[in-house]
Amino acid sequence: MLMMLKGKAHKFGDFVNTDLIIPFRFKSRTNDPYELAKYAMYGIDPEFPKKVRKGNFIVAGENFGGGSSREQAPIAIKYCGIAAVIAESFARIFFRNAIAIGLPALEIPGITKEAKDGDALEIDLKEWTVKNLRTGRAFQAKKVSGFLEELQKAGGLVEYYRKNKRFPWE
Amino acid sequence: MDSFSKRILEDDSLTFAEKILNVKSVNRTALKAGDIAVVKVDMALAQDSTGPLAIKVFNEMGLKKVFDPKRIFLYLDHTYPPADEKVANLHKMVRDFCRQTGCTVIEGSISHQTIMEEQIVPGTLLMGADSHTNQAGALGAFATGIGSTEMAAIWASGKIWLRVPETLRVNVAGKFRKGVFGRDVIMRLIGQLGEDGANYKGLEWAGEAKSFSIDTRACICNNSVECGAKNSVFEYDKITESYLKRVGRKPEMIIKSGKDAEYAKEMDIDLNSLEPQVTLPEHVDRVKPLSEAEGVEVNEAFLGSTTNCRMEDLAIAAHMLKGRKVKPGTRLVITPSSRRVYLEAIMKGYVAIFMQAGATFTNSTCGACVGTHMGVLGENEVCISCSPRNYTGRMGALTAKVYLASPAAVVASAIEGRIADPGKYL
Ligand code: SF4
Chain R
1 MLMMLKGKAH
11 KFGDFVNTDL
21 IIPFRFKSRT
31 NDPYELAKYA
41 MYGIDPEFPK
51 KVRKGNFIVA
61 GENFGGGSSR
71 EQAPIAIKYC
81 GIAAVIAESF
91 ARIFFRNAIA
101 IGLPALEIPG
111 ITKEAKDGDA
121 LEIDLKEWTV
131 KNLRTGRAFQ
141 AKKVSGFLEE
151 LQKAGGLVEY
161 YRKNKRFPWE
Chain H
1001 MDSFSKRILE
1011 DDSLTFAEKI
1021 LNVKSVNRTA
1031 LKAGDIAVVK
1041 VDMALAQDST
1051 GPLAIKVFNE
1061 MGLKKVFDPK
1071 RIFLYLDHTY
1081 PPADEKVANL
1091 HKMVRDFCRQ
1101 TGCTVIEGSI
1111 SHQTIMEEQI
1121 VPGTLLMGAD
1131 SHTNQAGALG
1141 AFATGIGSTE
1151 MAAIWASGKI
1161 WLRVPETLRV
1171 NVAGKFRKGV
1181 FGRDVIMRLI
1191 GQLGEDGANY
1201 KGLEWAGEAK
1211 SFSIDTRACI
1221 CNNSVECGAK
1231 NSVFEYDKIT
1241 ESYLKRVGRK
1251 PEMIIKSGKD
1261 AEYAKEMDID
1271 LNSLEPQVTL
1281 PEHVDRVKPL
1291 SEAEGVEVNE
1301 AFLGSTTNCR
1311 MEDLAIAAHM
1321 LKGRKVKPGT
1331 RLVITPSSRR
1341 VYLEAIMKGY
1351 VAIFMQAGAT
1361 FTNSTCGACV
1371 GTHMGVLGEN
1381 EVCISCSPRN
1391 YTGRMGALTA
1401 KVYLASPAAV
1411 VASAIEGRIA
1421 DPGKYL
């Protein structure tokens, strides 16, 4: 996994739930991540996947990913080209799923005031920091510790298991 | 039971969540809210839109065997029977997996209601690849939702990590007014807390809530995920005991919150002053007195989902619809929450009343609740529903609007063709 990411921000508001990220009728009919990616953020902007360039980021407000447990939500985001999601806060299951599938999810209270749509950002996945290249200001995201950090570093549960032939809790 | 578990269960300073996660943990050091526990899972459920992905991940990890097939249940419920070829193929994938691993597949009965009726017992830890897994807290279990990849890991290892949650206690007082139900209680709480107000936290129900029926408890625990709650629980008591007797099961362990337990917050709900509630479209916490939405014309009234549509709800619906008609131009779709509820509704004669009233009675499936089939909304249509979520696009077109209310309010609105107070039909 690359440790330094650079990309453009796509900005969303508060309370973006998983039904908005990908409606059930699209997410429940395939396991193909690239097929799922065609509907990323469909409930807010059905054209969103066409606007994303590989390595872009999402910046969002409070409780990103609330509602359903659908892992297809972070999968659709990841496979449409988004390299990381930065939010004021995350809903519980979305945050777990993001770690499990290896989508960096960085929680930074106050980030929506510090980044505009289209800003170029730089993320250091080693330090778990975000820098806004327009303003020059840098922010520390909340870190997780122990085996959750190991999982994050490994790029998700499947990668971790393939490498170690066990789960981090075993 | 080992001495560690005994000590934990007798510790009056611990909440329900702290007790059960300690007892189930492999850590064997007393954990408190905020700590990460690695726990043994008693039961795991997945459904037809999270299960296939979990199977894919299981295969990608090169896994072959599950930790214990008797503890793993896969439900074909969200889009059942298959609404199209793609769903049919995924259902087939689930059946094949169950045949290979020995896990149980259950078809045409919604997971959260069915697991209460058939499998779960008090004092167990249930993990579900579905956010409304919380429902089983109605029987004194610790039950919470996760995603597909972690479910695949549970299938293989029988374990998972959980952060021990802080707990929020809800004290209910007073008596229900006419036309007000358990659903209004939980809606009120969601309105007060906001959709992330209980994020990462557990809920415990106390006071008058202890007199609520199992059906009402199920509704409340199910819907509690709409304020972000990690789990929601009614402690085992006489009501749980007689329910279990009826379905022929016994508790695994009786766990009660300690009398000196520390709560992150306490909330009060006074039934004496609680009116029927409504949730306005798009966000689950836009909760208002129903009177504020009265008169809004509806195209569909949906009496379904695992949040409601158990026998208690169908009895009220049958009472209200007997000798009455659904307003022409409005469709009332009734979808029972399980096969058992479906069958009981037939035996009790409710289905005949529904058909005579002009309603449509479907098999047990999530269906319209997730806009997958059987009552999907078209452009600009308006629906009143007793399902848990009113998000944009949830039940169909992005321009459709969904109001949430109790089953009785849904039926009253179907009779009038616009949002109506159930009081006069009860
Ligand atoms: S009925 Fe609705 S809430 Fe219940 S499990 Fe199905 S989709 Fe989820």
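Protein sequence lines, in the order shown, are assigned to chains R and H. Heads up: the first sequence at position 141 corresponds to 141 in the working numbering, and the numbers run straight through without jumps. Just so we're on the same page, the working numbering is the position in the second sequence counted from 1, plus 1000. In this text, a Cβ means the ideal position worked out from N, Cα and C, and glycines have one as well. As the structure is a prediction and not an experimental result, all values here were calculated from the model.
Under 7 Å from the C-beta of residue i: neighbouring residues of chain R
i, result
"residue 1091(H)", "What residue 1091(H) touches in chain R: nothing, since even the nearest Cβ is about 11 Å away."
"residue 1129(H)", "69"
"residue 1203(H)", "Here the premise fails: no neighbours, minimum Cβ distance about 13 Å."
Per-residue contacts from residue i into chain H (C-beta, under 8 Å)
i, result
"residue 20(R)", "1391, 1392, 1393"
"residue 170(R)", "1157, 1159"
"residue 24(R)", "1049, 1078, 1370, 1371, 1372, 1394"
C-alpha distance - residue i paired with residue j, whole-angstrom precision
i, j, result
"residue 1212(H)", "residue 1182(H)", "8 Å"
"residue 1240(H)", "residue 1097(H)", "34 Å"
"residue 1160(H)", "residue 97(R)", "13 Å"
"residue 1346(H)", "residue 1363(H)", "11 Å"
"residue 1128(H)", "residue 136(R)", "43 Å"
"residue 1078(H)", "residue 1108(H)", "9 Å"
"residue 112(R)", "residue 1151(H)", "33 Å"
"residue 1294(H)", "residue 1287(H)", "14 Å"
"residue 138(R)", "residue 130(R)", "6 Å"
"residue 121(R)", "residue 4(R)", "11 Å"
"residue 1235(H)", "residue 1047(H)", "27 Å"
"residue 1009(H)", "residue 1080(H)", "41 Å"
"residue 1162(H)", "residue 76(R)", "25 Å"
"residue 1217(H)", "residue 1091(H)", "31 Å"
"residue 1198(H)", "residue 1132(H)", "15 Å"
"residue 1184(H)", "residue 158(R)", "42 Å"
Residue from the options with nearest C-alpha to residue i
i, options, result
"residue 1165(H)", "1342(H), 1326(H), 1006(H), 1022(H)", "1022(H)"
"residue 1056(H)", "1249(H), 1370(H), 1148(H)", "1148(H)"
"residue 1403(H)", "1423(H), 1382(H), 1422(H)", "1382(H)"
"residue 1325(H)", "1002(H), 1037(H), 1412(H)", "1412(H)"
"residue 1311(H)", "1088(H), 1343(H), 1267(H), 1011(H)", "1343(H)"
"residue 1257(H)", "1076(H), 1220(H), 1020(H), 1186(H)", "1020(H)"
"residue 1371(H)", "1361(H), 1400(H), 1036(H)", "1400(H)"
"residue 1220(H)", "1195(H), 1187(H), 1140(H), 1192(H)", "1187(H)"
"residue 82(R)", "29(R), 102(R), 93(R), 145(R)", "102(R)"
"residue 106(R)", "78(R), 95(R), 119(R), 160(R)", "95(R)"
Amino acids of chain R, ordered along the chain, whose beta-carbon sits closer than 9 Å to that of residue i
i, result
"residue 1199(H)", "63, 66, 89, 90, 91, 92"
"residue 1061(H)", "157, 158, 161, 162"
"residue 1112(H)", "Near residue 1112(H) there are no residues of chain R at all, since even the closest Cβ is about 12 Å away, more than 9 Å."
Contact test: residue i Cβ vs the ligand SF4 heavy atom, cutoff 8 Å
i, result
"residue 124(R)", "no"
"residue 1306(H)", "yes"
"residue 1390(H)", "no"
"residue 1098(H)", "no"
"residue 1130(H)", "yes"
"residue 1091(H)", "no"
"residue 1370(H)", "yes"
"residue 1077(H)", "yes"
"residue 1227(H)", "no"
"residue 1047(H)", "yes"
"residue 1134(H)", "no"
"residue 1110(H)", "yes"
"residue 1366(H)", "yes"
"residue 1222(H)", "yes"
"residue 1242(H)", "no"
"residue 1213(H)", "no"
"residue 1387(H)", "yes"
"residue 957(H)", "Residue 957(H) lies beyond the stretch modelled for chain H, which goes from 1001 to 1426, so this question has no answer here."
Supposed contact pair residue j and residue i - C-beta distance, whole angstroms, cut 8 Å
i, j, result
"residue 1276(H)", "residue 1290(H)", "4 Å"
"residue 1328(H)", "residue 1121(H)", "About 47 Å separates the two Cβ atoms, so there is no contact after all."
"residue 1314(H)", "residue 1350(H)", "5 Å"
"residue 59(R)", "residue 9(R)", "5 Å"
"residue 56(R)", "residue 15(R)", "Not confirmed; about 22 Å, so no contact."
"residue 1201(H)", "residue 1264(H)", "6 Å"
"residue 1123(H)", "residue 1140(H)", "6 Å"
"residue 66(R)", "residue 100(R)", "Residue 66(R) to residue 100(R), Cβ: 17 Å. No contact."
"residue 1052(H)", "residue 1105(H)", "Rounded, the Cβ-Cβ distance is 12 Å, inconsistent with contact."
"residue 22(R)", "residue 1145(H)", "Rounded, the Cβ-Cβ distance is 17 Å, inconsistent with contact."
"residue 1393(H)", "residue 124(R)", "The Cβ separation is near 36 Å, so there is no contact."
"residue 1103(H)", "residue 1154(H)", "With a Cβ gap of about 12 Å, residue 1103(H) and residue 1154(H) do not count as contacting."
Contacts that residue i makes with chain H (C-beta to C-beta distance below 7 Å)
i, result
"residue 30(R)", "1086"
"residue 101(R)", "1149"
Partners in chain B for residue i, counting only beta-carbon separations shorter than 8 Å
i, result
"residue 27(R)", "Judged by its chain identifiers, the structure shown contains no chain B, and its protein chains are R and H."
Interface partners of residue i on chain H, CB under 9 Å
i, result
"residue 152(R)", "Correct list: empty, because the minimum Cβ distance to chain H is about 13 Å."
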